[in-house]
Structures are given as C-alpha cells and as structure tokens.
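Plus 5 on top of the position in the sequence shown (first one is 1) and you've got the working numbering. Structure, as structure tokens:
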Amino acid sequence: MLKILVRFAAVAIAALIALVAGVYSAAADLDGLPDADYVASMRFDNSPMPRGEVIASLDQYADSAGVGIIRVASAPDDFLDKRLAFVFGSGGIRDTEIDWFSPTMSGTVAKSSELGFTSLNGVYAIKGSDSQAKSFQTWAKSELGADAALKEKTTVGLLTYALLTVGAWVPMSAAILLLGAIVMSWYVLRAHGRELRVLAGMRLSTVVLTDLRSLFGALAVPVVATFAISVLGIIVTGFGRAGFFISTLMLFTGAVTAFAVAVALIMGMLSLPTVRDIAARRPSERGSWVISEVLKVAAVVIVAAIVPTASGVVTNASAATAQGALWESMGDSVTVRVANRLGDAENAAFAGLIRDLVRRDAAMFSMSLSSDTVNLVDEAAGKDLEDLGFDSVVLTGEPFLDTVNRAGGATWELVSAVHSVQELPDSIRGQLLPNLELWTTSRKAPDVRFYGSTGEAPIAVSGGRAGTLDTNQLPLIISVNDLTQFDDAFLASAMSRGNIVFTDPEQLKALVEQRGISSDILSIDRIADLGLYDAQTKQRNAQLGAAAIAIAVLALVMCLSVTAWIFALLRRHRWFVQRTAGLSWRSILQPRMLWEAGSALLFGAAMAMSFGAASPSNIWISGIAPFAYLTVVWLIHQWAATTTFRTTLARRG
6 MLKILVRFAA VAIAALIALV AGVYSAAADL DGLPDADYVA SMRFDNSPMP RGEVIASLDQ
66 YADSAGVGII RVASAPDDFL DKRLAFVFGS GGIRDTEIDW FSPTMSGTVA KSSELGFTSL
126 NGVYAIKGSD SQAKSFQTWA KSELGADAAL KEKTTVGLLT YALLTVGAWV PMSAAILLLG
186 AIVMSWYVLR AHGRELRVLA GMRLSTVVLT DLRSLFGALA VPVVATFAIS VLGIIVTGFG
246 RAGFFISTLM LFTGAVTAFA VAVALIMGML SLPTVRDIAA RRPSERGSWV ISEVLKVAAV
306 VIVAAIVPTA SGVVTNASAA TAQGALWESM GDSVTVRVAN RLGDAENAAF AGLIRDLVRR
366 DAAMFSMSLS SDTVNLVDEA AGKDLEDLGF DSVVLTGEPF LDTVNRAGGA TWELVSAVHS
426 VQELPDSIRG QLLPNLELWT TSRKAPDVRF YGSTGEAPIA VSGGRAGTLD TNQLPLIISV
486 NDLTQFDDAF LASAMSRGNI VFTDPEQLKA LVEQRGISSD ILSIDRIADL GLYDAQTKQR
546 NAQLGAAAIA IAVLALVMCL SVTAWIFALL RRHRWFVQRT AGLSWRSILQ PRMLWEAGSA
606 LLFGAAMAMS FGAASPSNIW ISGIAPFAYL TVVWLIHQWA ATTTFRTTLA RRG
C-alpha cells in the first residue's frame, strides 16, 4: 500500500512541476509579448509632442536603431482574452497572429499606422540587445518627453513573478513537501532490506546509493508518464509555444531532481539503522516517523496560511472583473490631450466643443473632490462627512453614473437629508460652495442632486490623469444636472485632466477639424486601454493563483497519509494485540488523535492569523478548521490502521 502511495505522490509531484512550468509560461504571456526581450511602460502625459509626431519618431527610431518597438494593448471588445500589437518601423509583418501559450488568448499584429485611437500610454514590447533597450529608454525620455520605465524579461524575473505575484510558490512548496514525504516513505519500505545490508557488512555509502538508485528507478515511470500526459494535454487542448513549455519543464525537472538527490542523501544518512538498534529490535521506522511529523507540521502551517488567500484570490478575480467591466463600458471613449497652457481663446473654443458634445449626449464628466489632485475636504469637513455616513465627495454627471458605474455593479439612491449645497454642514459647505460658484458661468451654485451609494461596489470617477479611475466606497455623490452651466476655464481644465470623456471619437474628430482647433490638440486617445490591460493581467493572475491553492491541499493530504502510514507501521504489532483483544479502533487511535489535536490547534491558529491579515471578516472559518482537520486525519489514520491490521492478520494466518 505504501508503495502505491509513493507512486501516486510521484505523479502528484510531476503534476505540480508541470503546473509551475505552465504558470511560468503563462507569466511570459502576461508581460508584454511572449517573445519580447524587454518591456517598457511609457506615458506621454507631459510630452509636448503631438501624437502624430510621436508615432513618426518611433517609426524612424525603430528603423535607424534596428530595434523592435511594439505597442501592446488589450482589445476593447474582449479585454480578458485578446490583445493587440502595433509594430513601429517600415519593416513588414511576418505573422499577423500572436503566438500565446494560453489557448484562450488571441491577438493580432498590425502596423503602427493602424493604431487609430489606441492610447500611446501603456506597455511596449522591446526586441533588442541590452544596449539597444537602454538607448531607447534614454531617447524616449529626452526626445519624446515620455516617462519610460524599462524592465528586462529574464528567467529569474519571470520565475519571481510566477512564484510571488501569480502564486506558483504554493504548488512549488507542495512539491517540496511531497518530495520529502516520498523519500521518507521509500526508506520505510526498504527498512528491512537496509538492516540486512548493514548486518552483512555493506559499506554505509553503498547502502545509501543503492537506496537512491532504487528510489529514482521506482519514480521514473510515473514521473515520465505524467510529463508525457501533460505535454500531450498541452498540445491537444490548443496551448501554444509547446517548445517553450517543454524546455521550461525540463529545466524545472532538472532543478527538482538535483534537490531530490540532496534530500535523499541527507535523509538516507540520518535514517540509517545501526547494528545496536538492530540488536535491540528497535523499529527502523522510528527515525522516519520524526521526520514525517516535521514534514506534516510544515504542510499544516503552509496550507493553513494559504487557504485564507483563496478568499483573496476570489476577491482579486472579482475586483479585476469589475474593473474590466468599468473600462469595457466606456468602449471606444476617448480623452483629449492638449498643450499645458491654454489661453482664454483656446479655453472658449474647447468649452464650446464640450458643450456641443454634451448636448449630443457624446460626453461624460466625473471627478473626485477628495483626491490628491483636487481635495476640497479638510479635517473638519471630513469628520462631518463621516457623521453623515460618507467618506469622500465626488462630482459627476448622470451619464457617467449610468454608463460606467452601473456596469461595475454600483447602486445609489437620493440622499433624503440633503437637497442643496446650502443644507450641508458649515464645514463642508464652506469648502464646496465657493469653488462650485467659481466654476459656473453664473457664479452661483450649480443645479445638482445628491446621491449616496447603497451597494458593496465602489463608486468610480475619472482620476487625476487620463486613463485612471478613483474609487470611493461611500462617497457623497454630487450629480450635475447640466454640465454646460460650468464656465470655459473649468471645462477646458477638466478636459485636459481626463475628467471629461468623449463617447463618439469620430464625431469628436470631425468637430475638431470643423472648428479649426486641431493644432491645439496633442492627441486623442482611447481612455480604457491602460485599465483593460491591467484588469486582464489581474484576472489571469487570479485564475492561476486559484489553481495553485487547490493543488496545495493535495500536498497536505499526502503528507498526512504518509505520516499516518509510518505511524501505523510502528504500532502495528501493539494495535494487532489490542484489536484482537476486542478494543474498538476509536479507543485504539484515541492517544494518536490527542496528539493530532495539537496539530489541529496549530492549523486553526495559523489560519486565524492569516485570516486576520488577509480577510478579518472571514476569521470565523478558522474556528471550524481544526474540526475539519481532525475529521480528515481520523479517516486517514483509520484507513492506515485497518490496512496494516489486515496485512498483519494475513501474515499470521
């Protein structure tokens, strides 16, 4: 039975290694393009260059420097599973399809001339040498005025990302624990043979190496078979980059094999029986039991610590989906980037454009009045807001609430206690009223309505920079009934900050040309690109993390099974006598279950601390965990005890 358990654990370890290799391969997908050498994050908010000049400069630099520059963006029509890549330079495109590892991912490659309204802010895949990548970063900062951060896609970097960010450390830890359990189990299986070799005078090093050779011989078939099935599954189910996955799998297998050899040699030396122990008839499994208990405790602590993160993974996945829904609701909506300084004439021209588009239902407005960019809530006003049941103040139009926030699952209702700005507490009114009056053409308080959030989903408004959102859980929502009542300076300023979103880019472009103000516009960019890319990455991370956590529970069950089996082997003769004397398994296993109660308490305590840090509202689960642990342990120990009893009975019969 233990031999079957060892081979089953070997299959589990091979599956865990394949899972980590898959997570690593998927991590390469998430960061820019799979085959990119470097990834650059760039923003052109402070660049004085118009969009067309930036694109032309990138095209020229790609040709002259011989470096691959590719803008990578999530597709607005499918932010979860599709990306677009735009190649700069005059060179041709060999393959218009992106070769992803994940079968659900798709994407197309196009020339930079097809960027359309895709924002230039975002992720760029760079293909070139180290010097070429760094030269490009320097050039982008100095010549384009861009904020550019460069990161090399190294094996160590991707592995760190896969282990820490995605959560592959969970199956990796599980594989290490299972590896220790397998080695320990194998030495238990070969205990009597080792005793005979020691009594025969065989050198200890020869005994250890013989056991090591037999261990890897026993593991070879299940491991190779599992790897073959995983590779076949990758190919059959439509995964791409099979060669990259296989090379990664071989690399990880080599590293785990080297670690396994070291662990096996150390455990083999520690568990070697001595002639004195053999003469005293001490069970050779005794030393193995201590090590197996250590492995079990390690598994208990790790699983107890990571189980609460499952709720975090679900939360992250839900948050990423909600975030993606917010950005997806904006569709092809765009923002306008203008020169840093606009005169009165330019302000009037842009304000007229905005008012025209508002009347055509082609513009949405929102902003936070409690952010780092604009903060009209001081300490006293904050306390009064809290007394009213709010934590912040936002100013928005009805279209943004209905289009964006409703898509994110937010709900709101009219505030019955407040009907006008004048009815607010003095501290809040003193901050809001002067500014609101200053922003309107009539220099009077604007016509507004007050809402409060009624759901769990936060209220989102446009952030202080284009392509960002500020979220507030319990804001006082000041809804503007008519955006056209604001003056020219406020509207132009709100547009330049990205607080005004235009929902019909083609109509906007036509009106800009018609009014002759295109020379004052640096770029018209789709607002959702950055948010969709970020939501896509977070959603993928959450999916991979959930799989990693599920696999880790298997490691705990396997470690518990190995420990229970070794303990049953140590107690088999005593239990046989007790059972044949008429004792029930409940009374026979009671001392062991009292011992396991300590592990159960440790399991619950570790889980409580983890819940306290990750999700305090769910800490009650840690009270149930010890009972669930004891139930599983009881079933495993009873299985081990009854199996060894039947074996002993068969031998005596």
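Note that CB positions come from ideal geometry on N, CA and C, so glycine has one too.
- Ile307 sits close to Ser178, with the two beta carbons spaced by under 9 Å.
- Taking every protein chain shown into account, the CB of Ile9 has fewer than 16 other CB atoms within 10 angstroms, so this residue is exposed.
- For Val261, the three-state secondary structure derived from DSSP is helix.
- According to the DSSP assignment, Gly457 belongs to the beta strand (DSSP E) that extends over 453 to 458.
- Arg76 has Phe91, Tyr129 as its beta-bridge partners, per DSSP.
- Annotated three-state conformation of Pro430 is coil, per DSSP.
- The beta-bridge partner set that DSSP reports for Leu481 consists of Val398, Gly457.
- Take the alpha-carbon of Ser107 and the one of Ile131: they are about 21 Å apart.
- Here Leu513 has Phe507 as same chain residues with Cβ atoms under 6 Å from its own Cβ, once five neighbours each way along the sequence are excluded.
- Secondary structure at Trp625: coil, using DSSP grouped into helix, strand and coil.
- With respect to the 9 Å criterion, Asn486 and Val399 are not classified as neighbours on the basis of their beta carbons.
- Closest in alpha carbon position to Leu331, among Phe572, Leu169, Ile98, Ala465, is Ala465.
- Cβ neighbours of Pro404 within its own chain (closer than 6 Å, five residues either side excluded): Met369.
- Taking a C-beta distance under 9 Å as the contact criterion, Arg88 and Gly112 qualify as a contact pair.
- In chain order, Trp590, Leu594 place their CB closer than 8 Å to the CB of Gln643, counting only its own chain and leaving out the 5 sequence neighbours on each side.
- Considering only Ala610, Asp40, Leu479, the residue with the shortest C-alpha distance to Gly245 is Asp40.
- Counting other Cβ atoms within 10 Å of its Cβ, Glu333 reaches 16 or more and is therefore classed as buried.
- Only exposed fits Pro439, as fewer than 16 other CB atoms lie within 10 angstroms of its CB.
- If you look at Leu155, you'll find it in the beta strand (DSSP E) that goes 152 to 157.
- DSSP, reduced to helix, strand and coil, places Gly238 within a helical segment of the structure shown.
- Taking Leu441 as reference, the option from Asp431, Asp452, Ser432 with the minimal CA-CA separation is Asp452.
- Membership of Thr445 in any alpha helix (DSSP H) is not indicated, and neither H nor E is assigned to it by DSSP.
- The C-beta of Asp100 has fewer than 16 other C-beta atoms within 10 Å across all chains shown, which makes the residue exposed.
- Beta-bridge partners of Ile464 (DSSP): Asn477.
- Excluding sequence positions up to five before and after Ser118, its CB lies less than 6 Å from no other CB in the same chain.
- Excluding residues up to 5 positions away in sequence, Arg577, Phe581 lie with their Cβ nearer than 6 Å to the Cβ of Thr653 in the same chain.
- Collapsing the DSSP output to three states places Asn486 in coil.
- Here Trp639 has Met598 as same chain residues with Cβ atoms under 7 Å from its own Cβ, once five neighbours each way along the sequence are excluded.
- Taking a cut-off of 8 Å for Cβ pairs, the segment 259 to 270 and the segment 183 to 190 touch, as three or more such pairs fall below it.
- Check the Cα spacing between Arg448 and each of Leu224, Tyr538, Leu237, Phe491: the tightest is with Phe491.
- For Leu168 and Ser523, the gap between their C-alpha atoms comes out near 48 Å.
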